[in-house]
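Trainee: There's a structure below that I have some questions on.
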Amino acid sequence: MAPGATIFLSAAETSGDEHAARLIDALRRRLPDARFIGAAGPRMAEAGCEVLVDLTGKASMFGGPILRVGSYVGSVLRLCRAVRCLRPDLLIPVDSPALNWHLARAARKVGTPVFYYIAPQVWAWAPWRVRKLSRLTDQVGCILPFEQRYLWDRGVHAAYVGHPLFDHLPPRPEKLPDLADAWMHGRWRVAMIPGSRKAEIKGHMKALLVVDGMIRRRWPQARCTFPAANERDERLIRQLAKGAEIDVTVGRTREVLAQSHFAVTKSGTVTLELAHFGVPMVIFHRTSRLVGLLRHLLGRWGVSTASFSLVNILAGRKIVPELMPWHGNIRKLTAAVKEVMDDYGYLFEVRRQLIALTDPLAVPPPASASDRAAELAVSLIDRR
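At position 215 of the sequence shown (counting the first as 1) the number is 1184 in the working numbering, and the numbers step up by one without a gap.
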């Protein structure tokens, strides 16, 4: 084992930054003298990673890097040069293939092994990328159960490690919010989740405010809560509300989710958190018309899954409504919310399905997904 190993990591998303930080912690327990360096966000920096570039503040879903490719070019070139100069003992790209394909290729050229953590979703979008994944990686750590078989069957050395989100999610309350009471008496507790990035909040707040108003008119005892990750997001949410009286909480997102009967949420990892707490939901995510047009033109050739939301992909069918891509049709969103909240039987059945869906994603303690991923990473260094 090489205790003084240099490990280069790269994450370009907020969630990737968090998962990579936990992986660094797990690796440091095994390699206390290792050096960690790369494209890192604030969480990775706190874990001791030297930050060459921070791209996490510029990330967005559905082709953000493609639509702003100019701002990424300099960062990508700088990171590739760093890989070539450092010749690290291991490269760990985390999700974000728009950035990480380039770094994996640079690592290949200098003989650095590549452990891709949180596999690119080649099964959902542009499935031909699986050949690139096979060519540019030595090992892939999968966080969704079906990915291991899918990738192995296509020549990728893949291993399921568990979903790192569930390493630190609080346990599900023994007594879940009373759906019967909410439905019969209108005492709903609804989580309104616009997102954590500035662009997401701006793109989703107008619609959520309309939905908030509809719910409170229809059920006067209902309480709709907008969870904000920090005070900056709270200020933006209130600014976009333009004086409307809304309930905003700061730094209590998971508490809000655990206490909610229902949610209207943007897409992303938060849908798995809601599923963990058994919260029925409607999922939507604003995208540009260009992205919608590309999906239409590429069709099944480029998009190999009928769903975009994680919960529906894991289920293999649409168990919750998803409006994706969504271009701002508020009437369509409010209609979907009304339909779900009015359906008493559906609310109970979807709660059961969501809980059953997410329970297998957690690694039984004392192990964790981060520990399993760290073991795979160390084994690659040892074999070098």
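Think of the CB as a built atom: it goes at the ideal place given N, C-alpha and C, for glycine as much as any other residue.
1) Touch check for the stretch 974-994 and the stretch 1066-1084: three-plus C-beta pairs under 8 Å?
2) Who are the near neighbours of Ile1184 in its chain, counting only those whose CB is closer than 8 Å to its CB and skipping five residues on each side?
3) Could you compute how far the alpha carbon of Ile1282 sits from the alpha carbon of Leu1138?
4) Would you please state the rounded distance, in angstroms, between the beta carbons of Phe1317 and Leu1145? I believe it to be under 8 Å.
5) Can you tell me whether Pro1142 is buried or exposed, with buried defined as 16 or more other CB within 10 angstroms of its CB?
6) Using the beta-carbon count (16 or more within 10 Å), is Gly1010 buried or exposed?
7) Assuming Ala1016 contacts Ala990 under a Cβ cut-off of 8 Å, what Cβ separation, rounded to an integer in Å, is found between them?
8) Give me the Cβ distance between His1230 and Ala1151, rounded to the nearest whole Å; I'm assuming they're in contact under 8 Å.
9) Using three-state DSSP, classify Gly1033 as helix, strand or coil.
10) May I ask you to list the residues that DSSP assigns as paired with Gly1007?
11) Keeping to the same chain, check which residues put their C-beta closer than 7 Å to that of Ser984; ignore five residues upstream and five downstream.
12) For the beta strand (DSSP E) containing Thr1218, list its first residue and its last residue.
13) Bridge partners of Met1250, per DSSP?
14) Which class does Gly985 belong to by DSSP, given the choice of helix, strand or coil?
15) Taking CB distances under 8 Å as the criterion, tell me whether Ala1073 reaches chain B.
16) In the DSSP assignment, the alpha helix (DSSP H) including Phe1115 goes from what residue to what residue?
17) What is the DSSP secondary structure of Ile1324, reduced to helix, strand or coil?
18) Among the residues of its own chain, which have a CB less than 7 Å from the CB of Val1109, if the five just before and after it don't count?
19) Helix, strand or coil: how does DSSP classify Trp1338 here?
20) Starting from Ala1160 and walking both ways along the alpha helix (DSSP H), at which residues does that stretch end?
21) So Leu1241 is in the alpha helix (DSSP H); what residue range does that whole segment cover?
22) If I measure Cβ to Cβ from Arg1012 and keep anything under 6 Å in the same chain, skipping five residues before and after, which residues do I get?
23) Which same chain residues, not among the five before or five after Leu1345, have their C-beta less than 8 Å away from its C-beta?
24) Tell me which same chain residues have a C-beta within less than 7 Å of the C-beta of Ser1165, skipping the five on either side of it?
25) Cα-Cα, which of Leu1302, Ala1336, Thr1025 is closest to His1173?
26) Our contact map puts Ala1343 next to Leu992 with C-beta atoms below 8 Å; I'd like the distance itself, whole angstroms only.
27) Do you know offhand how far Ala1014's Cα is from Tyr1313's?
28) Leaving out five residues on either side along the sequence, give the residues of the same chain with a beta carbon under 7 Å from the beta carbon of Asp1045.
29) Thinking C-alpha only, which one of Ile1162, Leu1241, Ala981, Ile1170 is nearest Ala1331?
30) DSSP three-state label for Gly1349, please.
31) Over the uninterrupted beta strand (DSSP E) stretch that includes Val1332, give me the two end residues.
32) Could you give the first and the last residue of the continuous alpha helix (DSSP H) run that contains Glu1308?
33) Rounded to whole angstroms, what's the CA-CA distance from Glu1308 to Val1022? Just pull it up for me.
34) What is the residue span of the alpha helix (DSSP H) that Leu1283 lies within?
35) May I ask you to report which of helix, strand or coil DSSP gives Arg1255?
36) How would you call Asp1064, buried or exposed, if buried means at least 16 neighbouring beta carbons within 10 angstroms?
Mentor: Judging by the given coordinates:
1) yes
2) Indexing the sequence shown from 1 puts residue 1184 at position 215. Cβ neighbours of Ile1184 beyond the five flanking positions: Trp1157, Val1159, Ala1191, Cys1193, Val1306, Met1310.
3) Looking up residue 1282 in the sequence shown gives position 313. Looking up residue 1138 in the sequence shown gives position 169. When rounded, the distance between both Cα atoms is 21 Å.
4) Counting from one through the sequence shown, the residue named residue 1317 turns up at place 348. Counting from one through the sequence shown, the residue named residue 1145 turns up at place 176. Not quite, the Cβ-Cβ distance comes to about 11 Å (not below 8 Å), so this is no contact.
5) The sequence position of residue 1142 within the sequence shown is 173, counting from 1. That one is exposed.
6) The residue given as residue 1010 occupies position 41 in the sequence shown. Looking at its Cβ environment, which holds 16 or more other Cβ atoms inside 10 Å, Gly1010 is buried.
7) Here residue 1016 refers to the residue found at position 47 of the sequence shown. Here residue 990 refers to the residue found at position 21 of the sequence shown. That pair is a contact at about 4 Å.
8) As a working mapping, residue 1230 is identified with position 261 in the sequence shown. As a working mapping, residue 1151 is identified with position 182 in the sequence shown. Confirmed, about 4 Å.
9) Here residue 1033 refers to the residue found at position 64 of the sequence shown. Residue confidence is low: Gly1033 scores 46 on pLDDT, short of 50, so the model does not pin down where it sits. No coordinate-derived value is stated.
10) Numbered from 1 along the sequence shown, position 38 holds the residue referred to as residue 1007. The partner list for Gly1007 (beta bridge, DSSP) reads Leu978, Val1020.
11) Against the sequence shown, residue 984 aligns to sequence position 15. Cβ neighbours of Ser984 beyond the five flanking positions: Thr1238.
12) Translated into the one-based positions of the sequence shown, residue 1218 becomes position 249. Here the beta strand (DSSP E) through Thr1218 covers 1216-1219.
13) Numbered from its first residue, the sequence shown carries residue 1250 at position 281. Ala1232, per the DSSP bridge assignment.
14) Position 16 of the sequence shown, counting from 1, holds the residue named residue 985. If DSSP states are grouped into helix, strand and coil, Gly985 belongs with the helices.
15) Going by chain labels, chain B is absent from the structure shown, which holds only one protein chain.
16) Within the sequence shown, numbered from 1, the residue matching residue 1115 stands at position 146. Neither: Phe1115 is in no alpha helix (DSSP H) and is coded neither H nor E.
17) The count along the sequence shown starts at 1 and reaches residue 1324 at position 355. Helix at Ile1324.
18) Stepping through the sequence shown from its first residue, residue 1109 is reached at position 140. Counting only Cβ-Cβ distances below 7 Å, and skipping sequence neighbours, we find Tyr1085, Ala1088, Leu1102, Leu1120, Val1125, His1126, Ala1127.
19) Working through the sequence shown from its first residue, we reach residue 1338 at position 369. Note that residue 1338 is Ala in the sequence shown here, rather than Trp. Ala1338: helix per DSSP, three-state reduction.
20) Here residue 1160 corresponds to residue number 191 of the sequence shown, with the count starting at 1. Taken as a continuous stretch (DSSP letters only), Ala1160 belongs to no alpha helix (DSSP H), being part of the beta strand (DSSP E) at 1158-1162.
21) The residue labelled residue 1241 in the question sits at position 272 within the sequence shown. Start and end: 1239-1245.
22) Position 43 of the sequence shown, counted from the first residue, corresponds to residue 1012. So the qualifying residues of the chain are Asp986, Glu987, Ala990.
23) On the sequence shown, residue 1345 is found 376 positions in, with the first residue counted as 1. Contacts found: Phe1084, Gln1108, Gly1110, Ala1128, Val1130.
24) The residue you call residue 1165 lines up with position 196 of the sequence shown. Within the same chain, Ser1165 has close Cβ partners Thr983, Ala1198, Asp1202.
25) As a working note, residue 1173 is residue 204 in the sequence shown. The shortest Cα separation from His1173 among Leu1302, Ala1336, Thr1025 belongs to Leu1302.
26) Residue mapping note: residue 1343 aligns to position 374 of the sequence shown, counting from 1. Residue mapping note: residue 992 aligns to position 23 of the sequence shown, counting from 1. That pair is a contact at about 6 Å.
27) The count along the sequence shown starts at 1 and reaches residue 1014 at position 45. The count along the sequence shown starts at 1 and reaches residue 1313 at position 344. Those two C-alpha atoms are separated by around 47 Å.
28) Residue mapping note: residue 1045 aligns to position 76 of the sequence shown, counting from 1. The displayed chain sequence assigns Val, not Asp, to residue 1045. So the qualifying residues of the chain are Leu1068, His1071.
29) As a first step, residue 1331 is located in the sequence shown; it is residue number 362 there, counting from the start. Of the listed residues, the one whose Cα sits closest to Ala1331 is Leu1241.
30) In the sequence shown, residue 1349 corresponds to position 380, counting from 1. Position check: residue 1349 holds Leu in this sequence, whereas Gly was assumed. Leu1349 falls in the helix class under three-state DSSP.
31) Indexing the sequence shown from 1 puts residue 1332 at position 363. Val1332 -> no beta strand (DSSP E), and no H or E assigned at all.
32) Locating residue 1308 in the sequence shown gives position 339, where the first residue counts as 1. Its alpha helix (DSSP H) spans residues 1299-1311.
33) Stepping through the sequence shown from its first residue, residue 1308 is reached at position 339. Stepping through the sequence shown from its first residue, residue 1022 is reached at position 53. Cα-Cα distance, rounded: 45 Å.
34) By 1-based counting over the sequence shown, the position of residue 1283 is 314. Run containing Leu1283: 1279-1284, per the alpha helix (DSSP H) assignment.
35) Numbered from its first residue, the sequence shown carries residue 1255 at position 286. Reduced to three states, the DSSP call for Arg1255 is strand.
36) Position 95 of the sequence shown holds residue 1064. Asp1064 comes out buried.
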